Amino acid sequence: MPHLLHGGDYNPDQWLKSKEATWKEDMRLARLAGINTLSVGIFAWAALEPEEGRYEFGWLDEIMDLMAENGISAVLATPSGARPGWMSHRYPEVLRVNGDRSKNRHGGRHNHCLTSPVYREKTLAINTALAERYGKHPALGVWHLSNEYGGECHCDLCQERFRAFLQDKYGSLDELNEAWWTAFWAKTYSDWSHIESPSTHWRGEQDIHGLHLDWMRFTTEQFVDFYLHEAAPLKAITPDVPCTTNLMGTYPGIDYFRLAQVLDVVSWDSYPQWSGTERDVRTGAEAAFHHDLTRSLKGKPFMLMESSPSATNWRPVAKLHRPGVHLLQSLQAVAHGSDTVQYFQFRKGRGGSEKFHGAVVDHEGTENTRVFRDVAEVGARLAELDAVVGTDTPAEVAVVFDWHNRWALDDMKGMLQQKTGYHRTVVDHYKAFWEQGVPTDVIDSSLIAEPGYLDRYKVLVAPMLHMLRPGVAEAVDAFVRRGGTFVASYATGYVDENDRTFLGGFPGPLRDTLGVWCEEIDALYEDDRNALEWDGRSYEAFDLCELVHAETAEVLGTYGADFYAGSPALTVNARGEGQAYFIATRTGEDFLDDFYRGLVASTGVERALAADLPAGVTAQVRTDGQTDHVFVQNLNPTAAAVDLGAEGILELAPFSTAILDRPRPQV
């Protein structure tokens, strides 16, 4: 596409009885708002196949033709996210079984068994029919498979498939029992048929962490396999039309780095909880983290498939966007690598649980609303940014966010039990770079082990990398030896890929790289506080304090209280041409800001803007290698100013964005 895409989810099948009055008006309103794409057919199975084997494509033909006539590209969906009622009642095997072994009834969405031969047969049939009918339609732009894959099925069919997955992985029960450490509490398996998925109904299998890890991996592979099954007829009939499915940020149920391997382009649904206050700086950092994670899944521009132009109805508080916030969030996505700004939804429905969700077209039905004007403003700004389409993000810093590590930390019985705060901790470290305007990738630890992958980075940060998968420690050590800077934190290097602890002292195979031995970790009560004394300042330490012996590392900071006062709390280890830092305790953002500000200066990593950014102002860059497009954003509810030196003062209104173009320095 030569332009940034601007549009959203459209449900014309909900307006069949009033289509003469509604559909053409929708096209007029779309053009007026600068919309050039609409997503159609996402939950339309009942309208497309009202009876088994009888397809009704007439209404979709009309919509596709109308879109083509109005220069609107279709993100055409497969309807597998919500099947029709006749299928549930005629073929009950398609219904999911929950973790407590109860079977779902018809209703809702994402309520299907991924293993069911019937469901696979029906999805294959309708996807084939869609591809054959619309494969050469001038409106077709992108295939949108299903919608927000998620959940699990524990039926007998899935249990058998899980056992086959395990047999293929381990080969023998002896290998499985060793990997899962099933001698604990006499859980040793003597027959494959005895293995069941983790259950919410009894504790038994929950105590085998290796089983739960493999169930999560199996569930990911289920979605990968089902996606490939859905995509097969689309790729066969329309090989040049890209396929995607919309992800959900850091949704815990699927390893998105694995799923992204089979997507042509990554898309995701972003719903920041804006407040219109100073809290929006943190909200903006979290949204930016998710954008950078999504971009990093494939290392190229992504699609913002859903966002809300106003209130998000499923939030506990469905607060309206303040003036300027919709444009801010839209351009933020583009700044971090999106080539689209899309919404849920284009026109508000009259019934159902999403009838009060934000939309381009309100129940009032005209362009005479504040939100419509906000959307039209976004459309006008995006139309000016053709030069940004397809451009890269030149990141020299990578922060690790690892789904498998997250699963292991969530299962952990120790430290803070299930309140380890992994996600928040990673965002805290990321935010310190974001506030300085440092382009940052968010990567999976498995990528680290790929030969040459880390060569692009100067700095690698891996907070709470509790699980070290094969090859990761060796790749990190090589990265440091050849001149890289590595930062690790407390709770690093405790377990292997099967959640078995390393022997010989933590942080396991990273002990020599970091130059420390972590003997114990102190979990603090909620009102406990310690201190990290560093560089003449005292910073608050809380939640977790690791008791560290500096072996080859230099001690930079120490604890200020308790029986381990004066012992190492911050160290650096010179190794080869590089250095490895260890932060032994959880701290507030003040320490991370000061620490990473010094690190950015000493390592010389690229910043989007060579200027001191006021609090709440960030800068991001996209480049084609010749021209940099710098997005400077003010996330404060008050005005801000950035001193650009010889170029003068850049004045920023509340919640505003300035885009600066400059020649890219050539090395």
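Counting in the UniProt record's numbering, the sequence shown runs from 1 upward without gaps. Ideal Cβ positions, reconstructed from N, Cα and C, are used throughout, including at glycine. Predicted, not measured: the structure shown is a model, and the values here were computed from it.
Contact the segment 283-293 vs the segment 173-184: 3+ CB pairs below 8 Å:
no
Between ASN70 and the rest of its own chain, which residues show a CB-CB distance below 8 Å, the 5 nearest in sequence each way excluded?
MET27, ALA30, ARG31
Pick from ASP527, TRP143, GLN342: whose alpha carbon is nearest that of TYR271?
GLN342
Continuous beta strand (DSSP E) assignments of at least 3 residues falling wholly in the segment 80-108
none
So what's PRO470 in DSSP terms, helix, strand or just coil?
coil
Please report the Cβ distance between ILE448 and VAL426, rounded to the nearest whole angstrom; I am assuming they are in contact, meaning their Cβ atoms lie under 8 Å.
Going by Cβ atoms, the distance from ILE448 to VAL426 rounds to 15 Å, so no, they are not a contact pair.
Under three-state DSSP, which class holds GLY578?
strand
Nearest candidate by alpha-carbon position, reference CYS158, set VAL334, TRP215, ALA68, LEU76
TRP215
Under the DSSP definition of a beta bridge, which residues are partnered with GLN417?
According to DSSP, which records beta bridges pairwise, GLN417 is partnered with nothing at all.
Below 8 Å, can you find three or more Cβ-Cβ pairs linking the segment 395-410 to the segment 625-636?
no
Coarse secondary structure for SER538, derived from DSSP in three states:
strand
In the DSSP assignment, find the unbroken beta strand (DSSP E) run with ALA658 in it and report its ends.
657-663
So TRP15 and LEU66 are supposed to be a Cβ contact under 8 Å. How far apart are they, rounded?
No, TRP15 and LEU66 are not in contact; Cβ-Cβ is about 12 Å, not under 8 Å.
Tell me whether the beta-carbon of VAL266 lies closer than 8 Å to the beta-carbon of LYS298.
yes
Of the listed residues VAL459, LEU556, ARG258, nearest to ARG537 (C-alpha basis)
LEU556
How far does the alpha helix (DSSP H) with GLY379 in it reach, from first residue to last?
370-382
TRP59 lies in the beta strand (DSSP E); which residues open and close that run?
Run containing TRP59: none in the beta strand (DSSP E); it sits in the alpha helix (DSSP H), 58-69.
Quick one: what does DSSP say ILE72 is sitting in, helix, strand or coil?
coil
With a floor of 4 residues, list each alpha helix (DSSP H) that falls wholly inside the segment 467-512, ordered by position along the chain.
472-481
Of the residues PHE595, TYR581, THR587, PHE591, which one's Cα is nearest the Cα of ASP528?
THR587
Taking buried to mean at least 16 other C-beta atoms within 10 Å of its own C-beta, is LEU652 buried or exposed?
buried
CA-to-CA distance, PHE542 to LYS419, given in whole angstroms
13 Å
How do the segment 611-619 and the segment 434-443 stand: do at least 3 beta-carbon pairs fall below 8 Å, yes or no?
yes
Taking the alpha helix (DSSP H) that GLU121 belongs to, which residues open and close that run?
117-134
Could you tell me the alpha carbon to alpha carbon distance between CYS521 and PHE479, rounded to whole angstroms?
Sequence check: residue 521 is Ile here, not Cys. Approximately 27 Å between the Cα atoms of the pair.
In this structure, does DSSP put THR618 in helix, strand or coil?
strand
Option nearest ALA608 by Cα separation, candidates ALA565, ARG664, ASN573, CYS518
ARG664
Under 8 Å, with one C-beta from each stretch per pair, do the segment 132-152 and the segment 230-248 reach the 3-pair mark?
yes
Span separating the alpha-carbon of TRP268 from that of VAL360:
19 Å
Do GLN329 and PRO439 have their beta-carbon atoms positioned less than 8 Å apart in this structure?
no
Taking the Cβ atom as the reference point for each residue, do TRP180 and LEU76 lie within a distance shorter than 8 Å?
no
Neighbour-count burial assignment, GLU49, 16 or more Cβ in a 10 Å radius
buried
Could you tell me whether any Cβ in chain C is nearer than 8 Å to the Cβ of LEU32?
Chain labels in this structure do not include chain C; a single protein chain is all it has.
Tell me the DSSP secondary structure of MET303 in three-state form.
strand
When you compare only the Cα positions, how much space is there between GLY352 and ASN313?
12 Å
Give me the Cα-Cα distance between LEU304 and ALA125, rounded to the nearest whole angstrom.
29 Å
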